[in-house]
């Protein structure tokens with residue numbers, strides 16, 4: 001009997017659980033993953049140190065708890081603040097946000113509760129915070145009594161194009177910094193940030209919002225592939241990011257990330273953490289800061305804006321540029337803003353939803369008491385439109401959620417492929433293909449095929465299936481599923497970052513030790529994954545194959561690979 005004729009033996013390891021409440025700490029959730037794979041207790045499946053049951057409750061707050069300022073109180077800032085508050089020993093001590101509703105919403109929830117904010121807790125923006133902190137430190141240096149404590153770290157969650165100014169502005173304060181992805185919108189901007197941050201790494205830790213590294217699923221997946229070599233040496237990988245038909249229109253046609261000139265290409269703003277994830281799996285050393293990376297040889301890319309453009313507009317829509325005035329607004333177009341935000345779409349007001357995407361369009365939607373009031377507020381927001389006479393700067397400065405998706409000022413790709421090749425050097429040769437696609441039923445539920453010389457792995461964010469060529473055995477791993485942003489990656493990243501800050505502040509750890517053991521990603525790795533995105537975009541636009549070592553030398557130079 002040949003191997004292929006041998007009936008597959010299926011082994012199931014672990015169980016998938018989806019708690020209704022917020023994710024438990026990554027340390028706790030990881031116990032189930034560790035138990036299912038016989039890994040060492042207290043060590044995460046990607047080599048990152050995690051807390052275990054023998055350590056103190058990591059949500060207990062004390063006077064020495066690490067303190068954090070949230071710079072940018074939008075959806076991302078609020079998500080990180082929630083995890084700091086609920087799942088770590090850290091304290092949200094201040095918020096800097098120009099939008100009053102968002103600033104007060106976060107502050108009342110996590111900082112001053114039902115009281116008025118004290119001095120040093122609420123700021124209209126990051127510059128106001130910076131001025132305050134410089135003055136506060138001067139008061140401390142002069143020996144003034146009763147000076148309130150400052151922050152130990154900052155979560156930078158402002159718009160992408162602002163990251164450079166904020167991070168470089170904060171660098172002299174020597175704070176621990178977690179910057180939302182992407183690092184910045186151009187390679188030169190990323191390099192400026194790298195050079196500003198590098199000297200601070202002697203005493204501080206840094207994290208980038210590459211949350212895919214920190215899900216229970218992906219940590220186990222990396223252990224199986226990199227540490228256990230469950231399918232031998234990798235030959236090739238095919239990874240798909242299905243953005244989702246309505247999610248893409250919300251964020252990348254009507255929303256903040258629709259135009260490359262004001263934000264960046266979609267490969268950067270949507271998929272830079274996918275590129276980072278693939279490099280983490282295939283390029284990075286087994287443990288951060290130890291060993292050699294497997295440096296790629298080439299990168300190529302194809303893609304473009306294929307669907308969300310005027311040539312694809314339904315004829316029935318006529319000359320309408322706004323869904324609220326379109327003949328297809330009530331029926332006939334699934335992208336209708338009326339359908340998506342008012343109803344009957346499942347994530348609309350009528351669908352009972354008051355969170356994303358509804359509260360992105362109307363930030364204070366929960367303050368309206370009745371459904372009629374909510375619909376009226378939403379209607380007003382969706383009716384906003386622009387025409388040919390509107391200054392281009394005014395169009396670019398805001399979001400137009402009622403705009404026809406075929407008449408918007410979007411220009412970012414809705415379809416893209418990236419292929420990265422690795423030569424036979426310190427590891428065997430391999431290739432990876434990444435596919436970002438907008439028109440999907442799945443909403444950001446990534447799936448990946450790994451092909452090795454001893455077997456295959458299929459992973460979909462919920463289950464990991466390993467098949468062995470020689471034995472025909474199939475093993476299914478069900479990592480503990482944890483509800484939360486990016487499959488618990490938002491929570492995992494936050495918990496690990498706070499733990500790293502705590503280790504430096506309260507346990508005498510060197511910053512490099514905390515960086516490698518808790519965060520598991522170096523500043524150099526963060527730069528490399530962003531550089532790969534820019535190299536891929538150059539390859540796509542110029543229709544060429546980029547030779548990575550040469551490109552790195554010419555564009556990055558002496559900065560570390």
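Residue numbers (full-length UniProt numbering): 1 to 561. Built from N, CA and C at the ideal position, the CB exists for glycine as well. All values derive from a computational prediction rather than experimental measurement.
Taking DSSP as the reference, what is the three-state secondary structure of residue 182?
As a first step, residue 182 is located in the chain shown; it is residue number 182 there, counting from the start. If DSSP states are grouped into helix, strand and coil, residue 182 belongs with coil.
My understanding is that residue 252 touches residue 266, with C-beta atoms under 8 Å, so please give their C-beta distance in whole angstroms.
Taking the first residue of the chain shown as position 1, residue 252 is located at position 252. Taking the first residue of the chain shown as position 1, residue 266 is located at position 266. Indeed they touch by this definition, with Cβ atoms about 6 Å apart.
Residue 66 to residue 100, Cα distance in whole Å?
Start at 1 with the first residue of the chain shown, and residue 66 comes out as number 66. Start at 1 with the first residue of the chain shown, and residue 100 comes out as number 100. Straight across, the Cα-Cα distance linking residue 66 with residue 100 is about 26 Å.
May I ask which residues mark the beginning and end of the beta strand (DSSP E) holding residue 96?
Position 96 of the chain shown, counting from 1, holds the residue named residue 96. Its beta strand (DSSP E) spans residues 91 to 96.
What separation, rounded to the nearest whole angstrom, lies between the Cα atoms of residue 168 and residue 236?
Reading the chain shown from its first residue, position 168 is the one you call residue 168. Reading the chain shown from its first residue, position 236 is the one you call residue 236. Distance between the alpha carbons of residue 168 and residue 236: 38 Å.
Check whether the segment 519 to 533 touches the segment 225 to 235, taking contact to mean three or more Cβ pairs, one atom from each stretch, closer than 8 Å.
no
Under a three-way DSSP split, which group does residue 469 fall into?
Here residue 469 refers to the residue found at position 469 of the chain shown. Looking at residue 469 - three-state DSSP - the assignment turns out to be coil, as it is neither helix nor strand.
Are the segment 537 to 555 and the segment 293 to 302 touching by the rule of at least three beta carbon pairs closer than 8 Å?
yes
With a cut-off of 8 Å on the beta carbons, I'd call residue 181 and residue 209 a contact; round off their distance for me.
As a working note, residue 181 is residue 181 in the chain shown. As a working note, residue 209 is residue 209 in the chain shown. That belief holds up - the Cβ atoms of residue 181 and residue 209 are roughly 4 Å apart, short of 8 Å.
To the nearest angstrom, how far is it from the Cα of residue 171 to the Cα of residue 194?
What you label residue 171 is simply residue 171 of the chain shown in a count that begins at 1. What you label residue 194 is simply residue 194 of the chain shown in a count that begins at 1. Roughly 11 Å separates the two Cα atoms.
Along the chain, where does the alpha helix (DSSP H) that runs through residue 84 open and close?
Within the chain shown, the letter at position 84 stands for residue 84. First-last of the alpha helix (DSSP H) with residue 84: 75 to 87.
Answer with buried or exposed for residue 346, where buried requires no fewer than 16 other C-beta atoms within 10 angstroms of its C-beta.
Within the chain shown, the letter at position 346 stands for residue 346. Residue 346 should be labelled exposed.
Taking residue 473 as the reference, give the member of 491, 353, 123 and 454 with the closest Cα.
In the chain shown, the residue the question calls residue 473 occupies position 473. Nearest C-alpha to residue 473: 454.
If you drop the 5 nearest sequence neighbours on each side, which residues of the same chain put their C-beta closer than 8 Å to that of residue 118?
One-based indexing of the chain shown puts residue 118 at position 118. Around residue 118, the same chain offers 112 and 148 as residues with beta carbons nearer than 8 Å, after the five sequence neighbours per side are excluded.
In the DSSP assignment, find the beta strand (DSSP E) that holds residue 363 and state where it starts and stops.
Here residue 363 is taken as the residue at index 363 of the chain shown, counted from 1. Residue 363 -> no beta strand (DSSP E), and no H or E assigned at all.
Among residues of its own chain, excluding the 5 on either side of residue 465, which ones have a beta-carbon nearer than 6 Å to its beta-carbon?
As a first step, residue 465 must be located in the chain shown, where it is residue number 465. So the list reads 458 and 476, once near-sequence residues are dropped.
So, with DSSP's three-state summary, where would you put residue 459?
For this step, residue 459 is matched to residue 459 along the chain shown. Of the three classes helix, strand and coil, the one that applies to residue 459 here is strand, per DSSP.
Leaving out five residues before and five after residue 10 in sequence, what residues of the same chain have Cβ atoms less than 7 Å from its Cβ?
Mapped onto the chain shown, residue 10 falls at position 10. Note that residue 10 scores 45 on pLDDT, short of 50, meaning its location in the model is unreliable and no value can be drawn from it.
Taking the alpha-carbon of residue 241 as reference, which of 420, 335, 433 and 226 has the nearest alpha-carbon?
The residue you call residue 241 lines up with position 241 of the chain shown. When only C-alpha atoms are compared, the closest one is 433.
What do you reckon, are the CB atoms on residue 262 and residue 396 nearer than 8 Å?
Against the chain shown, residue 262 aligns to sequence position 262. Against the chain shown, residue 396 aligns to sequence position 396. Closer than 8 Å, so yes.
Would you say residue 399 and residue 245 are within 8 Å of each other, going by their C-beta atoms?
The count along the chain shown starts at 1 and reaches residue 399 at position 399. The count along the chain shown starts at 1 and reaches residue 245 at position 245. No.
Check the C-beta distance from residue 259 over to residue 498 and give it rounded, since I have them as a contact under 8 Å.
Translated into the one-based positions of the chain shown, residue 259 becomes position 259. Translated into the one-based positions of the chain shown, residue 498 becomes position 498. That pair is no contact at about 34 Å.
Quick one: using the 10 Å Cβ neighbour count with 16 as the cut-off for buried, is residue 124 buried or exposed?
Locating residue 124 in the chain shown gives position 124, where the first residue counts as 1. Exposed, by the Cβ-count rule.
When burial is assigned at 16 or more other CB atoms within 10 Å of the CB, is residue 339 buried or exposed?
Working through the chain shown from its first residue, we reach residue 339 at position 339. So residue 339 counts as buried.
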